[in-house]
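Have a look at the structure below, then the notes.
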Amino acid sequence: MKLFKYLLFIALFAGITLPLLTSCSNDDDEASPIEGYWYERDDEDEPSTNYSMWLIKNGKYVFVYTYKSYITKSELKECVDEAFRSNKVSNSSVYIGDKGTYTLKGKKLKVTDSTDGDVDYLYVSFQKSNSVMVWEDEDHDEEGRMYLQRYTEE
1476 MKLFKYLLFI ALFAGITLPL LTSCSNDDDE ASPIEGYWYE RDDEDEPSTN YSMWLIKNGK
1536 YVFVYTYKSY ITKSELKECV DEAFRSNKVS NSSVYIGDKG TYTLKGKKLK VTDSTDGDVD
1596 YLYVSFQKSN SVMVWEDEDH DEEGRMYLQR YTEE
């Protein structure tokens, strides 16, 4: 009887403490800050220039652009979603610029174009609580820098 109480106590103790130990870990997977919708307007001084948007998700990306200033960001989002699912965009003013896969290791972003297999290496940093992503080429010069703003619903 004493052995039975001892084994029952051990089982009860293990049943209470093991879930507490496993649930308190801090290694939960968080979404990568790079994933999501990002937009860029090439030239802030000229309002009618090229507008573009990226969708980066699950190791894949797509980039669409337009030269029409009247297309809203939400319309671009619809086009980038369509391009992500298929290889076409129904809006004749929006074009697919690039589509492929990516890997991010630390700050180094490897982007592989699925159409021609071109590989680009970029360096990524974030500003303003991950709402601005900065892409730099290997030279880290101003000309090779691109600022992308996280898209949020308007």
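So for the sequence shown, the working numbering puts the first residue at 1476; every next one is plus one.
Just so it is clear, CB atoms sit at the ideal spot from N, CA and C, and this is done for glycine as well.
Can you tell me whether residue i is buried or exposed, with buried defined as 16 or more other CB within 10 angstroms of its CB?
i: Asp1593; result: exposed
i: Gly1575; result: buried
i: Tyr1622; result: exposed
i: His1615; result: exposed
Relative to the C-alpha of residue i, which candidate in the options has its C-alpha closest?
i: Gln1543; options: Lys1535, Ser1568, Ser1561 and Val1607; result: Going by the sequence as given, residue 1543 is Lys instead of Gln. The shortest C-alpha separation from Lys1543 is found at Ser1568.
i: Tyr1536; options: Ser1549, Asp1612 and Val1555; result: Val1555
i: Ser1589; options: Lys1603, Asp1612, Tyr1596 and Asn1562; result: Asn1562
i: Lys1582; options: Gly1511, Ile1571, Leu1597 and Asp1591; result: Leu1597
i: Ile1546; options: Gln1624, Tyr1526, Ser1507 and Gly1511; result: Tyr1526
i: Phe1559; options: Asp1614, Arg1620, Lys1532 and Ser1549; result: Lys1532
i: Lys1548; options: Glu1515, Asp1591 and Val1564; result: Glu1515
i: Gln1602; options: Gln1624, Glu1617, Thr1587 and Asp1614; result: Gln1624
i: Tyr1626; options: Leu1530, Glu1557, Thr1587 and Glu1617; result: Leu1530
I need the straight-line Cα distance from residue i to residue j, nearest angstrom please.
i: Ile1509; j: Met1608; result: 8 Å
i: Asn1566; j: Glu1628; result: 20 Å
i: Asp1573; j: Lys1585; result: 14 Å
i: Leu1579; j: Gly1534; result: 9 Å
i: Lys1552; j: Asn1605; result: 19 Å
i: Asn1501; j: Ser1600; result: Because Asn1501 carries a pLDDT of 47, less than 50, the predicted location of this residue cannot be relied on, and no value is offered for it.
i: Gly1511; j: Met1528; result: 10 Å
i: Asp1612; j: Gly1619; result: 5 Å
i: Glu1557; j: Asp1591; result: 21 Å
i: Thr1587; j: Trp1610; result: 15 Å
i: Ser1469; j: Ile1491; result: This structure gives no information on residue 1469, because the portion of the chain shown stretches from 1476 to 1629.
i: Glu1550; j: Val1564; result: 11 Å
i: Glu1617; j: Trp1513; result: 20 Å
Using 8 Å for Cβ pairs, my map puts residue i next to residue j. What's the rounded Cβ distance?
i: Ser1540; j: Tyr1577; result: Rather than Ser, the amino acid found at residue 1540 in this sequence is Tyr. Between Tyr1577 and Tyr1540 the Cβ distance is about 18 Å, and since that is not below 8 Å, they are no contact.
When every heavy atom of the ligand MN is checked, does at least one fall within less than 8 Å of the C-beta of residue i?
i: Lys1580; result: This structure lacks the ligand MN; in fact it carries no ligand of any kind.
For a cutoff of 9 Å on Cβ pairs, would you count residue i as touching chain D?
i: Asn1533; result: Among the protein chains of the structure shown there is no chain D, as only one such chain exists.
Hey, which unbroken runs of the beta strand (DSSP E) at 3 residues or more fall wholly within the region 1516-1582?
1526-1532, 1535-1541 and 1569-1580
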